[in-house]
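J.:
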Amino acid sequence: MKGISRLPQTTAAMHNNLERVFSVLRDNKTIELRFLWSTKEVISGDYDTIWGLLNDIYNAYWKKTSKVKRASQNKKRENSRIQAHSPNSSLEEEREDENEGFSIEDINRMKRELLESSQDY
């Protein structure tokens, strides 16, 4: 980004960096504006302002992902929670998940078919 100091040495340089970042974020219509004018609070390290700003940025960009992608991510997250908390999950179930729903038998059958077809050449 033009005009940003990589290693700001002064408060003015930090202020300039934040103002440039905030101006870009203000152009995003999905982000809340409540913390995008809080340059002084961010520079002073105000905990609530910084976390509120990060939360608003997260929510704005989370909304940009499609509903289908979010549903897929939520399903994966839920599946990983279930497996992590289920002490009786079998190794075969885990292998099926890792291989996108293919069972061990399906994978072995596909391997055999590939080997047989490669031997024909």
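Here the sequence shown stands for residues 1 to 121, where the numbers follow the UniProt record's numbering. Even for Gly, the Cβ is constructed at its ideal location relative to N, Cα and C.
(1) Contact check, Ala60 vs Thr30 under 8 Å by CB: the rounded distance?
(2) Measuring straight from C-alpha to C-alpha, what distance separates Asn74 and Leu7?
(3) Within 10 angstroms of the Cβ of Leu33, are there 16 or more other Cβ atoms? Answer buried if so, exposed if not.
(4) So Leu18 and Ile43 are in contact, right, with Cβ under 8 Å, and what is the actual spacing, rounded?
(5) Does DSSP put Met1 in a helix, in a strand, or in coil?
(6) Which two residues bound the contiguous alpha helix (DSSP H) that contains Glu19?
(7) Tell whether a beta-carbon distance below 8 Å holds between Ser5 and Ala13.
(8) Here's the rule: buried if 16 or more other CB atoms are within 10 angstroms of the residue's CB, otherwise exposed. What is Leu54?
(9) DSSP state of Leu7, grouped into three classes?
(10) Ignore the nearest five residues each way along the sequence and tell me which others in Thr39's own chain have a CB closer than 8 Å to its CB.
T.: With the given structure in hand:
(1) Numbered from 1 along the sequence shown, position 60 holds the residue referred to as residue 60. Numbered from 1 along the sequence shown, position 30 holds the residue referred to as residue 30. With a Cβ gap of about 4 Å, Ala60 and Thr30 count as contacting.
(2) Sequence index remark: in the sequence shown, residue 74 carries index 74 (1-based). Sequence index remark: in the sequence shown, residue 7 carries index 7 (1-based). Cα to Cα, Asn74 sits roughly 38 Å from Leu7.
(3) The sequence position of residue 33 within the sequence shown is 33, counting from 1. Flag for Leu33 reads exposed.
(4) Locating residue 18 in the sequence shown gives position 18, counting from the first residue. Locating residue 43 in the sequence shown gives position 43, counting from the first residue. 7 Å between Cβ atoms; contact.
(5) The residue you call residue 1 lines up with position 1 of the sequence shown. Correct three-state label for Met1: coil.
(6) On the sequence shown, residue 19 is found 19 positions in, with the first residue counted as 1. Where Glu19 is concerned, the enclosing alpha helix (DSSP H) stretches over Thr11 to Asp27.
(7) Mapped onto the sequence shown, residue 5 falls at position 5. Mapped onto the sequence shown, residue 13 falls at position 13. In this structure, Ala13 lies closer than 8 Å to Ser5 by Cβ.
(8) Within the sequence shown, the letter at position 54 stands for residue 54. Looking at its Cβ environment, which holds fewer than 16 other Cβ atoms inside 10 Å, Leu54 is exposed.
(9) As a first step, residue 7 is located in the sequence shown; it is residue number 7 there, counting from the start. Leu7 falls in the coil class under three-state DSSP.
(10) Numbered from 1 along the sequence shown, position 39 holds the residue referred to as residue 39. His15, Leu18, Glu19 and Phe22, listed in sequence order.
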